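Going by my numbering, the first residue of the sequence shown is number 74, and it counts up by one from there.
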Amino acid sequence: MSNELKSFLEGLDSLAQDCESRKGQACSLKALEELRIEFLGRKGRLAGLMGCLGKLENCDKPAGGKKANEVKQRITELLDGWESELSVAESSQALSKFDPSMPGRRPWAGSLHPVTLVMEDICNVLGGLGFEHVSGPEVENDWHNFEALNIPPEHPARDMQDTLYVSDNIVLRTHTSGMQIRSMLKQQPPVAVIAPGKVYRRDSDLTHTPMFHQIEGLLVDHHVSMADLRGTLTVFVRKIFGARTEVRFRPSFFPFTEPSAEVDISCVMCGGKGEADGHTCRVCKGTGWVEILGCGMVDPNVFKSVGYDPELYTGFAFGLGIERVAMLKYGIGDLRMFFENDVRFLEQFA
Numbered sequence: 074m075s076n077e078l079k080s081f082l083e084g085l086d087s088l089a090q091d092c093e094s095r096k097g098q099a100c101s102l103k104a105l106e107e108l109r110i111e112f113l114g115r116k117g118r119l120a121g122l123m124g125c126l127g128k129l130e131n132c133d134k135p136a137g138g139k140k141a142n143e144v145k146q147r148i149t150e151l152l153d154g155w156e157s158e159l160s161v162a163e164s165s166q167a168l169s170k171f172d173p174s175m176p177g178r179r180p181w182a183g184s185l186h187p188v189t190l191v192m193e194d195i196c197n198v199l200g201g202l203g204f205e206h207v208s209g210p211e212v213e214n215d216w217h218n219f220e221a222l223n224i225p226p227e228h229p230a231r232d233m234q235d236t237l238y239v240s241d242n243i244v245l246r247t248h249t250s251g252m253q254i255r256s257m258l259k260q261q262p263p264v265a266v267i268a269p270g271k272v273y274r275r276d277s278d279l280t281h282t283p284m285f286h287q288i289e290g291l292l293v294d295h296h297v298s299m300a301d302l303r304g305t306l307t308v309f310v311r312k313i314f315g316a317r318t319e320v321r322f323r324p325s326f327f328p329f330t331e332p333s334a335e336v337d338i339s340c341v342m343c344g345g346k347g348e349a350d351g352h353t354c355r356v357c358k359g360t361g362w363v364e365i366l367g368c369g370m371v372d373p374n375v376f377k378s379v380g381y382d383p384e385l386y387t388g389f390a391f392g393l394g395i396e397r398v399a400m401l402k403y404g405i406g407d408l409r410m411f412f413e414n415d416v417r418f419l420e421q422f423a
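Pasting the structure below:
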């Protein structure tokens, strides 16, 4: 046996003995990992010795390599055994601190978002009145979002302050009325649809956000009248806010309906009295009424856009903001609370 091989084998034996003597230092899994790196790491002590293997004579290398593998296996088994012992000890220590007599902690139960709850309520009420649920793209072309709805290029609703444009002809939809157009293009009357979904405007304050939710409804058939519109919305409002809710219609203007109206309901906070606890109601500002939605009879120009004969058919349309209804229904004063994901707020709806 050459002196070089003898020195190499003695170094390996010394390394294994040193590792065995270090057991007392491995008092935690972290310390054990540091010990593993010291002996078996890429730059560890065994790797340093293995660098000398290449300097041995060719006839000595098999014996040196065999011994190195035996030492590596021996050190690995030692470290693995210590790791198993430490794991059991740490588990036992953790269990010793556990008090089985302590009451358990109930996990936090999630709930549907208040906007989702209100949207489902509205869809259920309108679905019960015979309206079919439809959905469509949030990125809409100019024709479906504006022109087919009797909103010409020069109309103020086209102003960049209101609409988020993707390109000259593509926008993030400003309302879900585009689905009314798509529904009429797919079928001949009778048509009764509601289109809930996200819409986008360039606006942001206490009562407006760049993205919010709307539901718009459409009914087209023979002999549909303003009386049908009033009856439908009165039933809808009282299903959502209660049977004693008063409803009034005020003349208004929308480019896609004629005549048009805005619908007010008696204030849900003060009961229509205009004051609460001796103070002016902050919701209705003392008027006793709160605006809830816009509506009207479908303009004949809209029917012409989709190929309906306005001499044969009439219809009504309406639209409302989901967040607006949720604020009134739950007494929420700041629209931004719907989007902040504060668990303290959301868990109230569980």
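We put the beta carbon where it would ideally sit given N, CA and C, even for glycine. Values in this document were obtained by computation on a predicted structure and should not be read as measured data.
(1) Leaving out five residues before and five after L237 in sequence, what residues of the same chain have Cβ atoms less than 7 Å from its Cβ?
(2) Select from I365, G359, A316 the residue whose C-alpha is nearest the C-alpha of D337.
(3) By alpha-carbon positions, which one of T149, P135, N76, S240 ends up nearest to R109?
(4) So what's Q287 in DSSP terms, helix, strand or just coil?
(5) Which runs of the alpha helix (DSSP H), 4 residues or longer, sit entirely within the stretch 122 to 207?
(6) For K377, report the span of its alpha helix (DSSP H) as first-last.
(7) By the DSSP assignment, the alpha helix (DSSP H) with D241 in it spans what residues?
(8) For a quick check, are the C-beta atoms of L152 and L85 less than 8 Å apart?
(9) Can you find the residues in the same chain that come closer than 6 Å, C-beta to C-beta, to V310, ignoring five residues on each side of it along the sequence?
(10) Quick one, are the C-beta atoms of E289 and S250 less than 8 Å apart?
(11) Would you call G394 buried or exposed, if buried means 16 or more other Cβ atoms sit within 10 Å of its Cβ?
(12) One question on the structure: do A99 and L159 come within less than 8 Å of each other, judged by their Cβ atoms?
(13) Between the Cα of Q421 and the Cα atoms of A167, F171, K79, S184, which residue gives the shortest distance?
(14) If you draw a straight line from the alpha carbon of Q413 to that of A423, how long is it in whole angstroms?
(15) Near S240, what residues of its chain come up, given a Cβ to Cβ distance below 8 Å and the 5 sequence neighbours on each side ignored?
(16) With DSSP as the reference, label F422 as helix, strand or coil.
This is what the structure gives:
(1) The answer, listed in chain order, is V244, L245, Y273, R275.
(2) I365
(3) Put simply, of T149, P135, N76, S240 the residue whose alpha carbon is nearest the alpha carbon of R109 is T149.
(4) strand
(5) 134 to 169, 187 to 201
(6) 373 to 379
(7) Going by DSSP, D241 is part of no alpha helix (DSSP H) at all; its letter is neither H nor E.
(8) Not a contact, by the Cβ cut-off of 8 Å.
(9) T318, V320, I338
(10) Against a cut-off of 8 Å, the Cβ pair of S250 and E289 comes out as a contact.
(11) Classification for G394: buried.
(12) With respect to the 8 Å criterion, A99 and L159 are classified as neighbours on the basis of their beta carbons.
(13) Its Cα nearest to that of Q421, the residue S184 stands out among A167, F171, K79, S184.
(14) The identity of residue 413 in the sequence shown is Glu, whereas the question assumes Gln. Cα to Cα, the separation comes out at about 17 Å.
(15) none
(16) helix
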